[in-house]
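The structure under discussion appears below in the form of structure tokens.
Residue numbers (this note's numbering), protein chains in the order written: chain P, 1 to 132; chain A, 133 to 644.
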């Protein structure tokens, strides 16, 4: 398939900018809004190379506008961030140290410690081991 | 060491883990279940192009988002607890669980960063087909992300595909496929996901019933109910079948758990399934007291059918499993403790020989350990009766779960019947029950976890590691403090969720 010539971004006239309304953040122009039957796509968007180049920008806008248009979502994000802060910066840091990671320096020591826990030193168990 | 063990700490750590897991499990099944229902609503919208279905889909999507946001990361706390309260356990299972749980974390991250965003932000911004694909992927991905944690849990109940390495004090993976596709894991996954869909259907029915009782959003409520009840029936039937399969698996690999949740103290042939009974709280495995107080109701023969797929088979009771039953060729905890103590003693002798540099003695003790290692956990029990889990809690949790699980398909059928006749809005009694049905679903869902986790006590890993050895040697006060901190944090989060959810439900779909 023949590809149209690549036009450097700087050389493109402003009219070639996507006609997607500002703030819509569409990943794909001509999306499925009932009021947008007319494909929101222009000559630049028809250009496969131009579309590839614009994708990161469109993804960025997609997320940006999605977050901007949130209503309940803003409260939820606040709750998520507070929760993560409490979990990681308070609970994990002050109250939930990884016992074996903090008490021992290498895996050999950790293995020996756990093995100690698994083998209570009693004379009875020694006798059993010796078959008595 | 065992003689210095603080049992209080173990119980507080168990309580803390139960609190965390049960709180986490309020949100997870709704996320898993509602995601499928959303996908169906969205599909109907895409196929019909009817804007009312779009409004409906967006409304349920918003409630799904609230539940997801409040529940997200609550499961991480369990990982904190593993490292702090259950250090021995964490070390010993690290080789089995590490990779699968890491895969799950990465998988969940990419899923959430991509398809969740497209699902929520994608209206009018991506093509209809891709948007619908994203909604389905959220459902598929959410449910798949539950696979590994359920595989890990199943492995603790049925530890296959592993070998204990006394050099590293770790259970090491020998056969990944055996771990990932053990029948126990498959049943656990299918049971958890189908019962989650059932719970999601009850959530939709609860809110829609409330709307119908108030005469608000009637069309949305009726349409929501028809789809949810239809999916709910399929989910219920599937849950019953895989629940029965789970019970069969339990009978094969955890007969003590089955005996506890059926209140079966002495084994018998032609055993009946208890439909109703009040457990005698004084009953002990070594006495001859009646197992039930007053009236109790049994369905004859069904326990044998459930446990062994045979009406007249012998189903062992707790007494058989504690003291053994030579007639049935059953080893009891008494005999297993004897072998377990030999395993522990051999392990210690191996450790000492290795320290002393005596390789020949180490090899001898290792051979002895390997002979008895499948009974290792029994070597740490103080008394054979310690092998019995809390019977009353297991019994009631199981019967509440099964009783409610039997009721729900009837509720779904009633909803579909009256919806089909066009008289649903007039059936105030059914709608009133429907409003509380989600709470009942939550009770059944939580009861399921009580059955699974309380029923397997005293084991962290079935037969190999009791909880008393799995723990870290911490003081009781340390664990008590964090227990109350979690209780406060969880209560706040629950209040936040309920208040945001109730507000959005009372606003309804108009503002979406």
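All C-beta atoms, glycine included, are put in the ideal place defined by N, C-alpha and C.
Bounds of the beta strand (DSSP E) holding residue 295 (chain A) are 294–297.
The shortest C-alpha to C-alpha distance from residue 393 (chain A) to any of A:401, A:385, A:194 and A:411 is the one to A:411.
Note on residue 149 (chain A): 16 or more other CB atoms within 10 angstroms of its CB, so buried under the neighbour-count rule.
Sequence-ordered contacts of the stretch 83–111 of chain P with chain A read 83, 84, 86, 87, 91, 92, 95, 96, 97, 98, 99, 100, 101, 107, 110 and 111 [C-beta pairs closer than 8 Å]. Distance between residue 326 (chain A) and residue 99 (chain P), taken at the CA atoms: about 37 Å. Within the same chain, 319 and 323 come within 6 Å of residue 378 (chain A) by CB-CB distance, once the 5 residues on both sides are set aside. Fewer than three pairs of CB atoms, one per stretch, sit closer than 8 Å, so the stretch 413–424 of chain A makes no contact with the stretch 366–384 of chain A. For residue 108 (chain P), the uninterrupted alpha helix (DSSP H) run begins and ends at 107–118, by DSSP. The bridge partners DSSP lists for residue 406 (chain A) are A:430. For the C-beta of residue 182 (chain A), not a single chain P residue is nearer than 7 Å; the gap to the nearest is close to 11 Å. Flagged as an interface residue toward chain A: residue 118 (chain P), by a C-beta distance shorter than 8 Å. Below the 8 Å Cβ cutoff, chain A contributes 194, 197, 198, 632 and 636 as neighbours of residue 72 (chain P), in chain order. If you look at residue 257 (chain A), you'll find it isn't in any beta strand (DSSP E); DSSP assigns it neither H nor E. For residue 601 (chain A), same chain residues with a beta-carbon under 7 Å away, outside a window of 5 residues either side, are 220 and 512 in chain order. Pairing residue 563 (chain A) with residue 546 (chain A) gives a Cβ-Cβ distance that is not under 8 Å. Under the 8 Å criterion on CB atoms, residue 115 (chain P) is classed as interfacial with respect to chain A. Listed in chain order, the non-local C-beta contacts of residue 167 (chain A) below 6 Å within the same chain comprise 270, 271 and 274, local neighbours out to five positions each way being set aside.
Residue contact with chain P for residue 480 (chain A): present (Cβ-Cβ distance below 8 Å to some residue of chain P). As for any alpha helix (DSSP H) of minimum length 4 sitting wholly inside the stretch 592–634 of chain A, the runs are 599–602, ordered along the chain. For residue 220 (chain A), a Cβ of chain P is located within less than 8 Å of the residue's own Cβ. Here residue 636 (chain A) is buried: its Cβ has 16 or more other Cβ atoms, across all protein chains shown, within 10 Å. Of the residues assessed, residue 413 (chain A) falls on the exposed side of the cut-off, its CB having fewer than 16 other CB atoms within 10 angstroms.
Within its own chain, the residues whose Cβ lies closer than 8 Å to the Cβ of residue 442 (chain A), once the five positions on either side in sequence are excluded, are 436, listed in chain order. Two segments are said to touch when three or more pairs of C-beta atoms, one from each, lie closer than 8 Å; by this definition the stretch 167–187 of chain A does not touch the stretch 222–238 of chain A. Between residue 330 (chain A) and residue 165 (chain A), the C-beta spacing is below 8 Å. Looking only at A:195, A:189 and A:152, the smallest Cα-Cα distance to residue 638 (chain A) is reached by A:195.
A direct Cα-to-Cα measurement between residue 292 (chain A) and residue 316 (chain A) gives close to 10 Å. For the stretch 245–257 of chain A, the residues whose beta carbon sits under 9 Å from a beta carbon of chain P are, in order, 249, 250, 252, 253, 254, 255, 256 and 257. The Cβ atoms of residue 460 (chain A) and residue 399 (chain A) lie closer than 8 Å to each other. At least one C-beta of chain A is nearer than 8 Å to the C-beta of residue 76 (chain P). Under the three-state reduction of DSSP, residue 447 (chain A) is assigned to strand. In summary, the residues of the stretch 220–236 of chain A whose CB is separated from some CB of chain P by less than 9 Å are 220, 222, 223 and 224, in the order they occur in the chain. Excluding the 5 residues flanking it on each side, residue 603 (chain A) has same chain C-beta neighbours closer than 7 Å at 141, 142, 145, 217, 218 and 220, in chain order.
Spatial neighbours of residue 516 (chain A) in its own chain (CB-CB distance under 8 Å, excluding positions within 5 residues in sequence) are listed in chain order as 454, 455, 464, 465, 466 and 469. Spatial neighbours of residue 160 (chain A) in its own chain (CB-CB distance under 8 Å, excluding positions within 5 residues in sequence) are listed in chain order as 203, 207, 278 and 328.
Within the stretch 178–250 of chain A, the complete alpha helix (DSSP H) runs of at least 4 residues fall at 183–203, 208–217 and 219–243.
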